[in-house]
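Engineer: Take a look at the following structure, please.
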């Protein structure tokens with residue numbers, strides 16, 4: 707990029723933001739289809755997710771402002787100021803926050819897209835039949851203890867009929 711001001715850090719972030727927007731819209735469509743397939747209407751789940759994302763976003767942007775100001779002030783990172791819009795927060799350009807904001811949108815969207823809760827629900831139904839029950843109590847050897855709720859005897863303790 708040249709210092710003519712035509713290519714800026716903000717323009718550099720645009721393709722990244724476009725990809726994040728596509729993923730976010732796709733995640734919204736997937737979440738709506740899953741809710742419809744499960745017979746759910748609106749619930750507290752999406753509201754909790756939005757509030758959580760906003761709180762995490764505020765914390766992430768605040769931490770980014772603090773630490774980026776430190777590394778720019780210490781000249782660990784330097785900007786070509788001819789490529790910056792001009793607005794600054796402390797010594798950092800506002801464009802520096804773009805990736806933090808994008809991460810706040812992208813990560814929950816990816817979580818929705820890669821969520822396999824439906825697959826887990828089918829597994830849980832199979833587990834109730836007795837196969838692959840990962841939550842069943844285990845005895846001291848690590849095997850599932852399905853028959854006796856009492857703990858297995860300690861193998862290091864001699865039995866009453868063992869003479870010693």
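In the numbering used here, the protein residues as written are 707 to 870. Glycine included, C-beta positions come from ideal geometry on N, C-alpha and C.
Do residue 778 and residue 797 have their CB atoms nearer than 8 Å?
Structural biologist: Counting from one through the chain shown, the residue named residue 778 turns up at place 72. Counting from one through the chain shown, the residue named residue 797 turns up at place 91. A contact, by the Cβ cut-off of 8 Å.
Engineer: Would you mind giving the Cβ-Cβ distance between residue 733 and residue 818, rounded to the nearest angstrom? I have them listed as a contact below 8 Å.
Structural biologist: As a first step, residue 733 must be located in the chain shown, where it is residue number 27. As a first step, residue 818 must be located in the chain shown, where it is residue number 112. Right, the Cβ-Cβ distance comes to about 4 Å (below 8 Å), so this counts as a contact.
Engineer: How is residue 746 classed by DSSP in three states: helix, strand or coil?
Structural biologist: For the purposes of this step, residue 746 is taken as the residue at position 40 of the chain shown. Residue 746: coil per DSSP, three-state reduction.
Engineer: Going by Cα to Cα distance, which pick from 810, 804, 820, 816 is closest to residue 875?
Structural biologist: There is no way to answer for residue 875, as the model of the chain reaches only from 707 to 870.
Engineer: Who pairs with residue 795 in a beta bridge, going by DSSP?
Structural biologist: On the chain shown, residue 795 is found 89 positions in, with the first residue counted as 1. 798.
Engineer: Helix, strand or coil, according to DSSP, for residue 805 in the structure here?
Structural biologist: The residue labelled residue 805 in the question sits at position 99 within the chain shown. The answer is helix: DSSP assigns residue 805 an H, G or I state.
Engineer: To which residues of the same chain is residue 874 closer than 7 Å at the C-beta, ignoring the five residues directly before and after it?
Structural biologist: Because the chain in this structure spans residues 707 to 870, residue 874 falls outside the shown range and cannot be described.
Engineer: Could you work out which residue in 735, 776, 764 is closest to residue 815 when comparing CA atoms only?
Structural biologist: If you number the chain shown from 1, residue 815 lands on position 109. With distances taken between Cα atoms, residue 815 lies closest to 735.
Engineer: Evaluate residue 726 with the Cβ neighbour count: other Cβ atoms within 10 Å of its Cβ, from every protein chain shown; 16 or more gives buried, anything less gives exposed.
Structural biologist: Along the chain shown, read from residue 1 onward, the residue named residue 726 stands at position 20. So residue 726 counts as buried.
Engineer: Pick out whichever of 821, 811, 775, 813 has its Cα sitting closest to the Cα of residue 800.
Structural biologist: Here residue 800 corresponds to residue number 94 of the chain shown, with the count starting at 1. Out of 821, 811, 775, 813, 775 has the C-alpha closest to the C-alpha of residue 800.
Engineer: Please classify residue 764: is it buried, with 16 or more other beta-carbons within 10 angstroms of its beta-carbon, or exposed?
Structural biologist: Start at 1 with the first residue of the chain shown, and residue 764 comes out as number 58. Burial call: exposed.
Engineer: Can you check whether the CB of residue 766 is closer than 8 Å to the CB of residue 806?
Structural biologist: Your numbering for residue 806 matches position 100 in the chain shown. Your numbering for residue 766 matches position 60 in the chain shown. Yes, the pair counts as a contact, with Cβ atoms nearer than the cut-off.
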